[in-house]
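To convert a position in the sequence shown, counted from 1, into the working numbering, add 1321.
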Amino acid sequence: MTKFQAEIDVMPKKEILDPQGKAVSGSMKNLGLAEIDNIRIGKHISLEIHAESAEVAHAKVEQACKSLLANLIMESYTFEIKAV
1322 MTKFQAEIDV MPKKEILDPQ GKAVSGSMKN LGLAEIDNIR IGKHISLEIH AESAEVAHAK
1382 VEQACKSLLA NLIMESYTFE IKAV
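What follows is the structure, given as structure tokens:
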């Protein structure tokens, strides 16, 4: 078995309202940073997986994202896997 590190980014879909991002965008203006806008806030997940190959690790992380880590109705996700 090889150990892999997965770095997963989960973000709200573009068509979904992001109230947290909107609030932070408003705060940027209050801080004198009006040139920063259109903020979207998501989550970053880091995990380790033991698998026979990179392909198996990829499939397991894909399954975890689809079934638990991301709400596919409201969120999209991307991830990268590397051997450690």
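Just so you know, even glycine gets a beta-carbon here, dropped at the ideal spot from N, CA and C.
Since this is a predicted model, take the numbers as computed values, not measurements.
Using a Cβ distance threshold of 9 Å, Lys-1381 and Ile-1370 count as a contacting pair. Under the DSSP assignment, Lys-1324 falls outside any alpha helix (DSSP H), being part of the beta strand (DSSP E) whose first and last residues are 1323-1333.
Here Met-1332 is buried: its Cβ has 16 or more other Cβ atoms, across all protein chains shown, within 10 Å. In the DSSP assignment, Glu-1396 falls within the beta strand (DSSP E) that extends over 1396-1404.
Listed in chain order, the alpha helix (DSSP H) elements of length 4 or more contained wholly in the region 1345-1389 are 1375-1385.
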